[in-house]
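> Numbering (the UniProt record's numbering), first residue to last: 1 to 437.
I have a structure I would like to understand better, so I am pasting it below and will then ask my questions one at a time.
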Ligand code: GDP
Ligand code: GDP
C-alpha cells in the first residue's frame, strides 16, 4: 500500500470528483470530459503542510447513476478501506441526509480506519450550519462543512487529515516503478497479451495519470513485481471516430513510447517484421528506451529444428545496427513464454538502472583496450587512460583519453560489445563518450 492515502467515498453527485480535483491541484490526473477521451481517472497526488499524499476518488469505480446497488456501495467502500489511511465520507448539505448516505454509513462502520464526514456544498456560512443533521449518521468524528467548489473549509479538513500521516510521504510515488508500453501494429495481439498478463494474478493497484491527456497508466502487481502499463486509451477511442486506425495506432505507439521506460514491441510471427515496426524500434532507440521484441502467435508457425533461430536472425538483420533487444517468441493463445516476456521487460528496466563501479569498469575494460587499442591515426597513438559510468538515466560510459577526436565509430561499437559482454545491459541502449584527459 502506498503511504498517506486518502479515499473519498459517497453517493453520486455529492461532489467527490470536485473535491478530488481541488486536493490534487496541479498534479491531477487527466480531467478531460470531452466526448471520446473520457475515462474516469481516480487517482492523484497532493500535498498539505509539507506532507505528500495520494487521493483516490472511489466514485470513479462505480457507475455514477443515482440508483446504485448495495453491491456497488460495498465495492467502493471496500476499495477505500483497503487502500486508504483516511476516509472522507462525503455528503451534500444541499440535498440533506438521504437513504443512500445511510447505506454508505452502514458499510463504513465496519472499519476502524479514521473517517471524516465531509458535508459538501456548504458554499455559504448559512449552509454550513445545515451540516449538523449529519450527526444522525452516528459517527464519532467531527463533521466538516466544506465547499469543494470554492474551497472553503477544505483547509481545516486537511489540517485534521494530515495528522494521521506520520511520514512526509512521497512526492511522486510512481518513481522507480517500471513504465512499460506494449506497442505494435493492429492485430498482433497486444490487448490479448495485456489481458492475459493481468488475468493471472491480477491486481490493479490503480489508474494514474499519464503525462498527456490521452493516456492512462495503470499500476499493476503481477508475478510479484510492480509495474505500470502505459495505455494510450484516449487515442484508441479517437481512432474509431476518425476511422484511421493505422494512423492512430502509430500515434499511440509514439506517445506510449515517449512515456515509458521499456518499450515492448510486439510482432506477428506469421507476418514478420514490417517497416512500421522498424520505425518504432528506431524511435525507441533514438529515445534511449529499453527495448524487448516479442514475436507473438508462435503457435501458428510450423516449426522445424531451427525455425526460431532463423526467424530471430532475420529480425536481427532487419533491425541492425540495433543489436541489444532480447527477442522472445511467445503465444498469447497457448500462454507460451508470456510470463518470461514480462519478466524480461522488468529485467531490462533493471538493466537500464545498473551502475557498474568505476574500479570494476577500469579493471575489465582497460585490459580489453590494451589488447586492442584504438588504431593510431597519422602516426599519433591514442591512449585511453580511464573509464567511468556517468550518473545518467541511460547507461553512459565516458572514456578519458589524449585524443578523443580521433576515435572512430567502429571502435565505439567494439567497446560497446565488450561492455555488453562483460556487464550485460541486455535490452538497453548504451552511450559511449570520449573526454580529453
Ligand atoms: P461526484 O459524483 O460525487 O463525483 O460529484 P461531482 O464532483 O461530479 O459533483 C456533482 C455536482 O455537484 C456538480 O454539478 C458539481 O459542480 C456540484 N458541486 C460539487 N461541489 C460543490 C460545491 O461545493 N458547491 C456546489 N454548489 N456545488 C458543488
Ligand atoms: P491488438 O490489436 O494488437 O490488440 O490485437 P488483439 O489482442 O486484439 O488480437 C488480434 C487477434 O489475434 C485476436 O483475434 C486474437 O485472438 C488473436 N491472437 C492474439 N494472440 C494470439 C496468439 O498467440 N495466437 C493466435 N493464434 N492468435 C492470437
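Each residue gets a CB set at the ideal place from its N, CA and C atoms; glycine is no exception.
With DSSP as the reference, please indicate the residues paired to residue 7 in a beta bridge.
56 and 87
> At what residues does the beta strand (DSSP E) containing residue 389 begin and finish?
384-389
> Can you grab the Cα-Cα spacing for the pair residue 129 / residue 351, in whole Å?
When only Cα atoms are considered, residue 129 and residue 351 end up about 59 Å apart.
> Whose C-beta lies closer than 8 Å to the C-beta of residue 15 among residues of the same chain, with five residues either side of it excluded?
90, 92, 120, 121, 148 and 149
> Can you list, in chain order, the stretches of the beta strand (DSSP E) that have 3 or more residues and sit fully within the region 108-191?
115-120, 143-145 and 179-183
> Let me check you understand the geometry: is the CB of residue 12 closer than 7 Å to at least one non-hydrogen atom of ligand 1?
True, at least one ligand heavy atom lies under 7 Å from that Cβ.
> Considering only DSSP beta bridges, list what residue 433 is partnered with.
398
> Pair every Cβ in the region 311-323 with every Cβ in the region 383-395, then say whether three or more of these pairs are closer than 8 Å.
Contact fails: fewer than three Cβ-Cβ distances are below 8 Å.
> Output the distance between the C-alpha atoms of residue 152 and residue 79, rounded to the nearest integer angstrom.
C-alpha separation (whole angstroms): 28 Å.
> Pull up the distance between the alpha-carbon of residue 156 and that of residue 144, whole angstroms please.
Rounded to the nearest whole angstrom, the CA to CA distance from residue 156 to residue 144 is 8 Å.
> Select from 187, 255, 85 and 108 the residue whose C-alpha is nearest the C-alpha of residue 166.
The option with the nearest alpha carbon to residue 166 is 85.
> Which residues mark the beginning and the end of the beta strand (DSSP E) in which residue 267 is found?
262-268
> Skipping 5 residues on each side, what residues in its chain have a beta carbon closer than 6 Å to that of residue 436?
404
> For ligand 2, is there any heavy atom lying closer than 7 Å to the beta carbon of residue 331?
Remark: the shortest separation between the CB of residue 331 and any heavy atom of ligand 2 falls under 7 Å.
> Confirm, please, whether the CB-CB distance from residue 58 to residue 476 is below 8 Å.
Outside the shown range of the chain, which is 1 to 437, sits residue 476, and nothing can be said about it.
> Give the straight-line distance between the Cα atoms of residue 297 and residue 228, rounded to the nearest whole angstrom.
Going by the C-alpha atoms only, they are around 24 Å apart.
> Using DSSP with H/G/I as helix, E/B as strand and the rest coil, what is residue 372?
Three-state DSSP puts residue 372 in coil, outside helix and strand.
> Name, in chain order, the residues that DSSP records as bridge partners for residue 331.
336
> I'd like the ranges of any beta strand (DSSP E) spanning at least 3 consecutive residues and lying wholly in the region 251-324.
262-268 and 290-296
> Which first and last residues belong to the alpha helix (DSSP H) in which residue 16 is found?
16-24
> Does the region 373-387 come close enough to the region 341-351 that 3 or more CB-CB pairs lie under 8 Å?
no
> Check this for me: beta carbons of residue 267 and residue 184, under 8 Å apart or not?
yes
> So, is residue 410 buried or exposed, given that buried needs 16 or more other C-beta atoms within 10 angstroms?
Under this definition residue 410 is an exposed residue.
> Is residue 123 near ligand 1, going by C-beta to nearest heavy atom under 7 Å?
Flag set: Cβ of residue 123 near ligand 1.
> Cα-Cα, which of 158, 300 and 371 is closest to residue 47?
158
> At what residues does the alpha helix (DSSP H) containing residue 410 begin and finish?
Run containing residue 410: 409-423, per the alpha helix (DSSP H) assignment.
> What number of angstroms, rounded off, separates the C-alpha of residue 261 from the C-alpha of residue 132?
51 Å
> In terms of alpha-carbon separation, which member of 430, 294, 306 and 302 lies closest to residue 286?
430
> Answer with buried or exposed for residue 345, where buried requires no fewer than 16 other C-beta atoms within 10 angstroms of its C-beta.
buried
> Does the beta-carbon distance from residue 432 to residue 397 come in below 8 Å?
yes
> So, does the region 362-381 touch the region 411-426, judging by three or more C-beta pairs under 8 Å?
At 8 Å Cβ cutoff, the stretches touch.
> With a threshold of 7 Å (Cβ to nearest heavy atom), would residue 75 be considered close to ligand 1?
no
> Assign residue 191 to buried or exposed, taking buried as 16 or more other Cβ atoms, counted over all protein chains shown, within 10 Å of its Cβ.
exposed
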